[in-house]
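Engineer: Mind looking over this structure? Questions follow.
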Amino acid sequence: MSENARVSVVTGGALGIGGAISRRLAAGGDLVILNDIDADAAARTSAGIEAAGGRCVTVIGDIVEDETVERVVAAVPGRVDVLVNNVGDFRPAAPSFQDSTPDQWQRLYELNLLHVFKLTHALLPMMIEQRSGSIVNNSTVEAFRGIPGHPVYSAFNAGVSAFTRSLAVAVGRHGVRVNAIAPDLANTEQTPVEWMRRGYDEGLEHTWVPLARFGEPDDYAAVVGFLASDDARFVTGHTIPVDGGTLAASGWFVRADDQGWTNRPHRA
Ligand SMILES: NC(=O)c1ccc[n+]([C@@H]2O[C@H](COP(=O)([O-])OP(=O)(O)OC[C@H]3O[C@@H](n4cnc5c(N)ncnc54)[C@H](O)[C@@H]3O)[C@@H](O)[C@H]2O)c1
């Protein structure tokens with residue numbers, strides 16, 4: 000590692016968006032502290048990074064657990080420049096809010112919001128002491144747009160974006176920036192294209208995504224890379240949608256018969 004290499008922590012850094020973030024930051028010269036609950040996947044991603052000439056240390060464990068947070072902090076070699084709180088999941092899911100249970104709400108809280116507080120709380124003092132650091136959280140477009148089947152997931156991710164804003168205001172004068180991304184429609188292990196398409200004809204992506212395709216993990220990692228970098232030195236407190244334009248369209252769809260746009264259900 001060169002003397003100037005950044006130290007970057009990525010949670011859920013093995014697969015999906017997190018995997019692409021780990022690879023991107025390592026390719027830029029960062030030492031990546033990669034936390035993941037899936038030991039095999041973490042070993043594969045770490046091996047790929049090292050084969051490409053990068054540096055990676057894995058910390059295996061559920062980031063919701065205090066003991067995992069402590070091991071991540073212990074793996075940090077005296078400074079931390081970038082923290083990417085990437086872990087999040089819409090599961091456990093229920094058919095409706097009426098069917099959901101307090102145990103499910105608790106796990107959604109832990110997976111989407113609680114660990115963001117825990118790891119940020121553990122690493123922020125080091126960033127403040129250094130007078131520099133960039134925190135990038137992973138929220139979702141559903142923090143800003145309703146998702147009828149997942150109101151609890153949506154609520155906790157709105158919490159991630161609110162936390163991002165407020166913490167940014169509080170720590171800016173210490174040289175620490177806090178931002179987030181809000182993904183939609185990422186082709187990952189959690190939401191593979193085949194699952195997202197569920198009965199929709201291939202070739203109709205342009206009817207619901209303005210950029211006419213699903214997102215690939217690198218699309219999201221690129222924005223995280225920007226937010227973590229000095230190019231974003233005057234950007235803090237924001238959640239940047241990375242969604243191919245779905246939030247801008249906000250419920251407007253190209254008609255399947257290509258006869259203009261609709262915001263109403265219609266028969267093709
Ligand atoms: N996939 C999408 O379309 C989409 C949309 C909006 C928001 N997001 C958000 O983006 C983030 C990444 O999503 P993804 O689709 O890449 O997820 P994914 O499930 O494909 O990958 C998540 C990674 O995190 C790891 N992980 C899961 N739980 C963990 C835990 N408790 N502790 C440590 N590691 C854990 C997994 O092993 C995996 O490597 C999440 O916060 C998700 O809510 C994704």
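Per numbering that gives the first Met the number 0, the very first residue in the sequence shown carries number 0; after that it's consecutive.
Every residue, glycine too, gets a C-beta built ideally from N, C-alpha and C.
#1: Under 8 Å between the Cβ atoms of Ala169 and Thr238?
#2: Using only the heavy atoms of ligand 1, determine whether one of them is closer than 7 Å to the beta carbon of Glu66.
#3: Have a look at the DSSP bridge pairing and note the partners of Val177.
#4: Looking at ligand 1, does it come within less than 7 Å of Asn178, judged from the CB to the closest heavy atom?
#5: Decide if the segment 157 to 176 is in contact with the segment 206 to 216; the criterion is three or more beta carbon pairs, one per stretch, under 8 Å apart.
#6: CB-CB under 8 Å to Ile62, same chain, minus the five flanking residues each way: which ones, in chain order?
#7: According to DSSP, which residues form a beta bridge with Phe252?
#8: Based on the DSSP secondary-structure assignment, which residues constitute the bridge partners of Arg78?
#9: Name the one or two DSSP bridge partners that Arg54 has.
#10: Buried or exposed for Phe233, going by 16 or more other Cβ atoms inside 10 Å?
#11: With the cut-off set at 8 Å, would you say Val29 and Val58 are in Cβ contact?
#12: Using three-state DSSP, classify Pro303 as helix, strand or coil.
#13: Go ahead and pull the three-state DSSP assignment for Pro91.
#14: Using a 10 Å radius around the Cβ and a threshold of 16 neighbouring Cβ atoms, would you call Asn262 buried or exposed?
#15: For Met0, which three-state DSSP category applies?
#16: What are the start and end residues of the beta strand (DSSP E) that includes Ile146?
#17: Can you give the Cα-Cα distance for Met0 and Arg172, rounded to whole angstroms?
#18: May I ask you to verify whether the segment 130 to 144 touches the segment 81 to 99, counting CB pairs closer than 8 Å and requiring at least 3?
#19: With a threshold of 7 Å (Cβ to nearest heavy atom), would Gln189 be considered close to ligand 1?
#20: Using the C-alpha atoms, what's the distance from Asp257 back to Gly60?
#21: Would you decide whether Tyr152 is buried or exposed? Buried here means 16 or more other CB atoms lie within 10 Å of its CB.
#22: Leaving out five residues on either side along the sequence, give the residues of the same chain with a beta carbon under 8 Å from the beta carbon of Leu246.
Structural biologist: On the basis of the supplied data:
#1: Reading the sequence shown from its first residue, position 170 is the one you call residue 169. Reading the sequence shown from its first residue, position 239 is the one you call residue 238. It is not a contact, given that the beta carbons lie outside the stated cut-off.
#2: Stepping through the sequence shown from its first residue, residue 66 is reached at position 67. It does not: the Cβ of Glu66 is nowhere closer than 7 Å to a heavy atom of ligand 1.
#3: Against the sequence shown, residue 177 aligns to sequence position 178. DSSP lists Ile134 as partners of Val177.
#4: Translated into positions along the sequence shown, residue 178 becomes position 179. Relative to ligand 1, Asn178 has its C-beta separated by 7 Å or more from all heavy atoms.
#5: no
#6: Reading the sequence shown from its first residue, position 63 is the one you call residue 62. Cβ neighbours of Ile62 beyond the five flanking positions: Thr10, Gly11, Asn34, Ile36, Val68, Val71, Val86, His114, Lys117 and Leu118.
#7: Your numbering for residue 252 matches position 253 in the sequence shown. Bridge partners of Phe252: Thr261.
#8: The sequence position of residue 78 within the sequence shown is 79, counting from 1. Arg78 pairs with nothing; no bridge assigned.
#9: On the sequence shown, position 55 is the one that residue 54 refers to. DSSP output for Arg54 lists Leu30 as bridge partner(s).
#10: Numbered from its first residue, the sequence shown carries residue 233 at position 234. It counts as exposed.
#11: Against the sequence shown, residue 29 aligns to sequence position 30. Against the sequence shown, residue 58 aligns to sequence position 59. One detail in the question is off: residue 29 reads as Asp in this sequence, not Val. No; because the gap between Cβ atoms is not below 8 Å, this pair is not in contact.
#12: As shown, the chain starts at 0 and ends at 267. That puts residue 303 outside it, with no answer to give.
#13: Here residue 91 corresponds to residue number 92 of the sequence shown, with the count starting at 1. In this structure, Pro91 counts as coil in the three-state DSSP scheme.
#14: One-based indexing of the sequence shown puts residue 262 at position 263. Under this definition Asn262 is an exposed residue.
#15: Mapped onto the sequence shown, residue 0 falls at position 1. The predicted model places Met0 with a pLDDT of 44, which falls under 50 and marks its position as unreliable; any figure quoted below should be read in that light. DSSP places Met0 in coil when its eight states are reduced to three.
#16: The residue given as residue 146 occupies position 147 in the sequence shown. Looking at the DSSP string, Ile146 is not in any beta strand (DSSP E), and its letter there is neither H nor E.
#17: For this step, residue 0 is matched to residue 1 along the sequence shown. For this step, residue 172 is matched to residue 173 along the sequence shown. Here Met0 scores only 44 on pLDDT, less than 50, and its place in the model is too uncertain to base an answer on.
#18: Contact between the segment 130 to 144 and the segment 81 to 99 is present, because at least three Cβ pairs lie under 8 Å.
#19: Position 190 of the sequence shown, counted from the first residue, corresponds to residue 189. The answer is yes for Gln189.
#20: Stepping through the sequence shown from its first residue, residue 60 is reached at position 61. Stepping through the sequence shown from its first residue, residue 257 is reached at position 258. Whole-angstrom Cα-Cα distance: 48 Å.
#21: The residue you call residue 152 lines up with position 153 of the sequence shown. That one is buried.
#22: Along the sequence shown, read from residue 1 onward, the residue named residue 246 stands at position 247. These residues qualify, in order along the chain: Val140, Phe143, Arg144, Ala181, Asp183 and Pro240.
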